[in-house]
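Numbering (UniProt numbering), first residue to last: 1 to 488. Cβ atoms here follow ideal geometry from the backbone N, Cα and C, with glycine treated the same way. Okay, structure first, notes after.
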DNA sequence: ATAGGGTTAG
């Protein structure tokens, strides 16, 4: 823009305004400006430089942001507005109060606490921190970049005048994200006004914190407060379905079905987000028929929609179907990710498909460039352990880029129990004692390996070790082993 | 002229 004449600059502004509602067009414009070198910082300062304003940068940054958070995959990286900000400063344009909300949201999206802090300092230096939009964005950014809720609270408390609804919602979210659900609840009750976002923020916050029943109660409160008038929005429905999915038992399923009925009655469009939430809800409750129908009803499927289906099938004994659907997914051009491979490896481990599982684990790393998490290694250990291939299983654990946690050792321990590998079980027992001194279940498993092997003495010793470690004997902890199945 | 708050899969 530096090299543009005042005339072309006016044209640029006109173009930006004209195409503002269409972020893709703005990105094309951005590409054009980049390839023509117009956006590159020019070492020779010219008189025209003074005319450059924040406006074009704000428009482009906003377009990038909209496309990076858009459900239709990441067209542009979430850090794009931040890089534009650097270019903007280099070009000598002064950021204004319209610049920072977009930049702060970009900082949140990248999860950069450092960027949020730096932007806050910039706002203060330029005297823009008092602007209500900027302050609201600061509250939100501090809430999501891993900073303690104290920082968000500080900005909120120092806001000029009484905070508006958006600022209250941003703080409410920050409190929920910080895990301070009690404070969030109190703050919510004391808010002078609440909208659908307020209710949804609290509802999803409680559910994220594992308080699914509380979340459902909040949802019922919303329905009453709503006077059954306004239709429920997509975010509210997705959040409540997630709470229903994670609330075990008939209660969660019944509530989930009621929400589904609402959606059908009101002809709510089954978007990818909503469809995925529905597939997940039925899947978690083991209703595979409903789960498959919901999946089929989603027109615009995403990778996460497939993942919800595959996870449901893998967790409910449909290993063969997982493999079939996985192939369908790939045939339709979807790129499997960490969650997809987790479902696939889980299915392979449960079905005892050792070679297939090992093949896909290798392919996941080499071909799909998916970095394995602890859980993926856990599946491979499970896979090898069940087949009695202990040497390889231990090798996998030793070659992991991080220290194995209790779940990985637990998978191997289960295999030891299955194959009566007493030596290894003892070794694992020691490791588990160090990792999870309070988890009595593991000791019981180790002890049972001995007892099954006929090594009563060692079994008794294990009991003594448990007592020495100060592990409380839970009621009904001693278990009877029948045909390899533990019955408490 | 441009701007802020909630959302799915383990």
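Between residue i and residue j, is the Cβ-Cβ spacing less than 8 Å?
i	j	result
residue 396	residue 413	no
residue 98	residue 170	no
residue 144	residue 108	yes
residue 237	residue 259	yes
residue 198	residue 188	yes
residue 573	residue 402	Nothing about residue 573 can be read from this structure; the chain reaches only from 1 to 488.
residue 424	residue 406	no
residue 100	residue 136	no
residue 29	residue 15	yes
residue 132	residue 164	yes
residue 241	residue 277	yes
residue 318	residue 344	no
residue 404	residue 368	no
residue 283	residue 298	no
residue 280	residue 250	no
residue 139	residue 130	no
residue 12	residue 78	no
residue 85	residue 59	no
residue 66	residue 95	no
residue 296	residue 272	no
residue 247	residue 216	yes
residue 61	residue 110	no
I need the boundaries of the alpha helix (DSSP H) containing residue i, first residue and last residue.
i	result
residue 268	Segment: none, residue 268 is in no alpha helix (DSSP H) and carries neither H nor E.
residue 431	422-435
residue 490	With the chain running from 1 to 488 in the structure shown, residue 490 is simply not present.
residue 362	354-366
residue 81	80-90
residue 373	Careful: residue 373 lies outside any alpha helix (DSSP H) and carries neither H nor E.
residue 285	First-last for residue 285: undefined, no H or E at that position.
residue 186	181-190
residue 389	From DSSP, residue 389 is part of no alpha helix (DSSP H); its letter is neither H nor E.
residue 208	196-208
residue 133	132-144
residue 117	113-125
residue 410	406-419
Under the three-state reduction of DSSP, which class applies to residue i: helix, strand or coil?
i	result
residue 18	helix
residue 299	coil
residue 159	coil
residue 23	helix
residue 13	helix
residue 336	coil
residue 167	helix
residue 151	helix
residue 226	coil
residue 49	With a pLDDT of only 49 at residue 49, under the threshold of 50, the placement of this residue in the model should not be trusted; the figure read from the coordinates follows. Helix.
residue 173	helix
residue 98	coil
residue 108	helix
residue 383	helix
residue 56	helix
residue 343	helix
residue 246	helix
residue 328	helix
residue 221	helix
residue 350	helix
residue 32	helix
residue 455	coil
Mark residue i as exposed unless 16 or more other C-beta atoms lie within 10 angstroms of its C-beta, in which case mark it buried.
i	result
residue 359	exposed
residue 64	buried
residue 398	exposed
residue 173	buried
residue 73	The predicted model places residue 73 with a pLDDT of 49, which falls under 50 and marks its position as unreliable; any figure quoted below should be read in that light. Exposed, by the Cβ-count rule.
residue 311	buried
residue 376	buried
residue 361	buried
residue 447	buried
residue 93	buried
residue 90	exposed
residue 489	Outside the shown range of the chain (1 to 488) lies residue 489, about which nothing can therefore be said.
residue 210	exposed
residue 475	Per-residue confidence for residue 475 stands at a pLDDT of 39, beneath the threshold of 50, marking its modelled position as unreliable; the derived number appears in the next sentence. That one is exposed.
residue 324	exposed
residue 382	buried
Inter-stretch contact (C-beta, 8 Å, three-pair minimum) for the segment 350-357 and the segment 324-332: For the pair of segments examined, the segment 350-357 was found not to touch the segment 324-332: the number of CB pairs separated by less than 8 Å stays below three.
At least three beta-carbon pairs within less than 8 Å, the segment 333-347 to the segment 305-318: Yes, since at least three Cβ pairs between the segment 333-347 and the segment 305-318 fall closer than 8 Å, the two stretches touch.
Contact between the segment 171-185 and the segment 127-146 (3+ Cβ pairs under 8 Å): The segment 127-146 and the segment 171-185 touch, with three or more beta-carbon pairs separated by less than 8 Å.
Segment contact, 8 Å Cβ cut-off, at least three pairs: the segment 266-275 with the segment 218-237: Yes, the segment 266-275 touches the segment 218-237.
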